[in-house]
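Read through the structure below, which is laid out as structure tokens, and then see the notes.
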Amino acid sequence: MSVPGSVERPEADTPPAVTGTGRRAGPQRLHPLTFVVGAVRELAALLAAGATTLLVGGVSTAFYFTLIGLAIGLVFHVAKWRMFTYTVHEDRIELRRALIGRSVKTVPRDRVRGVDVSATLPHRLLRLAIVRIDAGSDGGEGELNAVSRQEAERLRRLLLARPAAPRPARAEPARADAPRRVLARVRPAWYLYAPFSGAYLLTPFALAGSLLGTLYNLGDDLGLITRERVAELGHEVVGLPTVVVVAVALGFLAAVPVMSVIVFALFNWDFTVVARDGSIVAERGLVTRRSVSLERRRIRGVELADNPFERIARVTRLGALITGLGDAAHRGRLLPAAPRRHAAALAARVLGPVPAPLVPHPRAARSRRVVRAVAPPLAFAALAAAAGQPWVAYGGLALAALAVPLGLDRYRQLGHATDGVRLSVRSGSLRRRQVVVEHRAVIGWRMRRTLFQRRLGLATLTVAVGAGEGGYAAVDMAERDAVAFAAEITPDWVVPFLAPPEP
0 MSVPGSVERP EADTPPAVTG TGRRAGPQRL HPLTFVVGAV RELAALLAAG ATTLLVGGVS
60 TAFYFTLIGL AIGLVFHVAK WRMFTYTVHE DRIELRRALI GRSVKTVPRD RVRGVDVSAT
120 LPHRLLRLAI VRIDAGSDGG EGELNAVSRQ EAERLRRLLL ARPAAPRPAR AEPARADAPR
180 RVLARVRPAW YLYAPFSGAY LLTPFALAGS LLGTLYNLGD DLGLITRERV AELGHEVVGL
240 PTVVVVAVAL GFLAAVPVMS VIVFALFNWD FTVVARDGSI VAERGLVTRR SVSLERRRIR
300 GVELADNPFE RIARVTRLGA LITGLGDAAH RGRLLPAAPR RHAAALAARV LGPVPAPLVP
360 HPRAARSRRV VRAVAPPLAF AALAAAAGQP WVAYGGLALA ALAVPLGLDR YRQLGHATDG
420 VRLSVRSGSL RRRQVVVEHR AVIGWRMRRT LFQRRLGLAT LTVAVGAGEG GYAAVDMAER
480 DAVAFAAEIT PDWVVPFLAP PEP
């Protein structure tokens with residue numbers, strides 16, 4: 000059985016497996032402690048259930064079933080470890096599993112786009128790591144859970160290496176301790192930028208909701224939560240003094256940014272970007288340490304993204320645009336939140352200088368941005384007024400007034416530039432994105448002109464790129480500027496269509 004993107008080969012034609020030094024190697028198993036990690040995870044869950052059973056009803060039949068379930072889980076993990084092997088050949092890696100039905104997953108090595116090495120807390124305590132092999136835009140082509148740290152590093156280096164010309168018989172093997180050059184490292188002071196990001200700011204609310212839901216379900220199962228107790232608690236909360244309610248609310252609001260900083264630190268602890276073995280490696284995480292390796296030769300551009308609060312603090316996020324990378328939004332992250340000058344410096348080290356200054360778009364684009372921002376709330380207000388809801392209509396008018404500065408800011412953020420090697424386009428306000436792409440990564444152009452754009456002499460030029468989202472738009476450019484921009488970057492494609500026909 001195979002999976003999409005994989006190929007099956009006859010066993011008779013299987014070439015010899017290789018190691019990182021070119022020596023032959025046969026099928027290998029995961030680390031023997033692999034089943035311990037799975038067993039510990041299930042043990043914690045079963046012990047929690049067993050402890051609850053003991054507290055409620057003492058030793059009962061359910062407790063013995065818990066022990067039986069633990070034993071079955073341990074046997075399952077041992078059998079799973081015993082029946083799984085992986086083999087690295089000269090042209091592919093094979094993952095074989097024969098627990099119930101036999102399956103062989105084959106990933107060609109020339110399709111490997113990235114190798115993700117991560118380690119949860121139990122893995123780190125046992126000096127193990129999880130290796131995920133990304134071999135296409137869908138990602139998740141193969142996973143080895145788990146191998147030793149040394150084996151994970153060997154696999155990362157081996158799978159990202161490109162086949163080269165055969166070496167002489169006396170050639171020295173490749174060095175395992177390849178030098179690494181630190182390109183950037185997140186400083187602890189940058190953790191304070193977390194409250195400016197909506198994702199980290201809202202995470203404490205999600206965690207609090209999840210915790211309350213878990214406690215409620217547990218209390219309901221134990222019979223601790225009844226309708227009478229909930230009603231009594233509601234009456235007590237309503238009867239609290241106003242000062243206490245205000246103090247609790249202020250305390251919660253003060254705790255939100257603090258919790259966002261803690262969450263940011265957990266996910267991005269010691270965030271380090273290094274160059275090693277022709278790859279860009281991003282390492283991060285406190286509890287779960289993750290190392291993502293990206294082939295440098297597949298990096299086609301970078302993206303700088305921010306929101307209004309981050310712009311006020313001169314903070315931005317940096318990501319890489321990789322050809323054929325799955326889950327690029329997370330796996331291509333190069334900096335979570337950093338001062339803009341540091342992000343621009345890292346972008347220059349990875350790709351090259353960011354083209355500057357950006358060319359502003361014509362004034363006609365300003366009126367179009369404002370109209371597009373104001374039109375939805377005005378339409379909402381008109382519908383509310385027609386339905387006899389004046390207060391709702393007033394709310395729509397207030398939103399329309401607030402949309403005017405939003406539209407003006409959207410216009411101010413528009414821009415494009417090129418330096419002869421790379422191009423850059425920028426747009427957006429609530430989420431501003433500036434994309435920098437190499438000229439050699441451009442695979443096509445798309446010019447779109449709506450009815451209103453044609454009346455204003457505007458056009459939206461989308462550059463097609465074989466990386467990232469596949470296309471990035473320069474919104475509301477002047478028509479002449481759009482044509483000249485495309486012709487300057489790819490003259491061989493565009494100029495022949497602009498030249499007048501020969502007599």
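Just so you know, numbering that gives the first Met the number 0 puts 347 at position 348 of the sequence shown, and the rest follows in order with no gaps.
The beta carbon of each residue, even a glycine, is placed where N, CA and C say it ideally should be.
All of these numbers come straight from a predicted model, not from anything done at the bench.
From the DSSP output, in three-state form, read off residue i for me.
i: Leu303; result: strand
i: Thr202; result: helix
i: Phe270; result: coil
i: Leu407; result: helix
i: Ile99; result: coil
i: Pro338; result: strand
i: Asp480; result: helix
i: Thr33; result: helix
i: Gly277; result: coil
i: Ala486; result: helix
i: Arg432; result: strand
i: Leu94; result: strand
i: Ala253; result: helix
i: Val438; result: Before going on, a small fix: residue 438 reads as His here, not Val. In this structure, His438 counts as helix in the three-state DSSP scheme.
i: Ser366; result: helix
i: Glu309; result: helix
i: Asp418; result: coil
i: Ser196; result: coil
i: Ala355; result: coil
i: Ala168; result: Any reading at Ala168 needs caution, since the residue's pLDDT is 42, under 50, leaving its predicted position unreliable; the model's value is listed next. Here Ala168 sits in coil by DSSP.
Give me, in chain order, the residues of the same chain whose beta-carbon lies closer than 6 Å to that of residue i; leave out the 5 immediate sequence neighbours on both sides.
i: Asp418; result: Pro354
i: Val391; result: Ala383
i: Leu377; result: Ala399
i: Arg179; result: Val273 and Arg275
i: Ala38; result: Leu73 and His76
i: Val262; result: Tyr199 and Thr202
i: Arg28; result: Thr84
i: Ala343; result: Val353
i: Asp305; result: Thr315 and Arg431
Residue i to residue j, Cα distance in whole Å?
i: Ser102; j: Pro31; result: 21 Å
i: Leu201; j: Ser259; result: 8 Å
i: Gly457; j: Val273; result: The question names Gly, yet the displayed sequence has Leu at residue 457. Going by the C-alpha atoms only, they are around 43 Å apart.
i: Leu120; j: Val36; result: 10 Å
i: Leu154; j: Ala347; result: 29 Å
i: Trp492; j: Ala485; result: 9 Å
i: Pro361; j: His341; result: 31 Å
i: Tyr215; j: Ala205; result: 15 Å
i: Val301; j: Ser117; result: 24 Å
i: Gly197; j: Tyr190; result: 14 Å
i: Val370; j: Gly406; result: 7 Å
i: Pro404; j: Arg295; result: 41 Å
i: Leu124; j: Arg131; result: 20 Å
i: Met446; j: Ala416; result: 17 Å
i: Gly212; j: Ile224; result: 12 Å
i: Pro338; j: Ala183; result: 12 Å
i: Arg479; j: Pro495; result: 16 Å
i: Pro26; j: Leu265; result: 37 Å
i: Leu303; j: Pro187; result: 21 Å
Since residue i is in the beta strand (DSSP E), which residue starts that stretch and which ends it?
i: Gln452; result: Here Gln452 belongs to no beta strand (DSSP E); instead the alpha helix (DSSP H) covers Leu450 to Leu455.
i: Glu142; result: Gly141 to Ser147
i: Arg28; result: Segment: none, Arg28 is in no beta strand (DSSP E) and carries neither H nor E.
i: Thr84; result: Phe83 to Val87
Between which two residues does the alpha helix (DSSP H) containing residue i stretch?
i: Trp492; result: Pro490 to Leu497
i: Glu294; result: From DSSP, Glu294 is part of no alpha helix (DSSP H) but of the beta strand (DSSP E) over Arg288 to Glu294.
i: His234; result: Arg226 to Val237
i: Leu124; result: Leu120 to Leu124
By Cβ distance, which residues of its chain are closer than 7 Å to residue i, with the 5 residues on each side in sequence left out?
i: His438; result: Val420, Arg421, Leu422 and Ile488
i: His122; result: Val36, Ala128, Ile129 and Ala145
i: Arg8; result: In this prediction, Arg8 has a pLDDT of 43, which is less than 50 and means its spatial position is unreliable; nothing more can be read from the coordinates.
i: Asn267; result: Val185, Arg283 and Pro335
i: Arg96; result: Met82, Phe83 and Ser102
i: Glu235; result: none
i: Ala164; result: Below a pLDDT of 50, predicted positions are generally treated as unreliable, and Ala164, at 46, falls in that range; the measurement from the model is reported next regardless. Nothing meets the Cβ criterion.
Relative to the alpha-carbon of residue i, which residue among the options has its alpha-carbon at the smallest distance?
i: Arg288; options: Val434, Thr271, Arg299 and Ile279; result: Thr271
i: Phe308; options: Gln149, Leu429, Val87 and Ala466; result: Leu429
i: Ala364; options: Pro356, Met446, Met476 and Val229; result: Met476
i: Leu460; options: Gly467, Val424 and Pro490; result: Val424
i: Val280; options: Ala402, Ala319, Val244 and Arg453; result: Ala319
i: Ala397; options: Gln412, Tyr410 and Ala372; result: Ala372
i: Val464; options: Gly25, Val482, Pro490 and Val434; result: Val434
i: Ala466; options: Ile321, Ala402 and His329; result: Ile321
Can we count residue i as close to the ligand GDP, meaning its CB is less than 6 Å from some heavy atom?
i: Arg226; result: As presented, the structure is devoid of all ligands, the ligand GDP included, so that no description of it is given.
So, for residue i: in the same chain, excluding its five sequence neighbours on each side, which residues have a beta-carbon less than 8 Å away from its beta-carbon?
i: Val2; result: In this prediction, Val2 has a pLDDT of 42, which is less than 50 and means its spatial position is unreliable; what the coordinates show is noted afterwards. These residues qualify, in order along the chain: Lys104 and Glu140.
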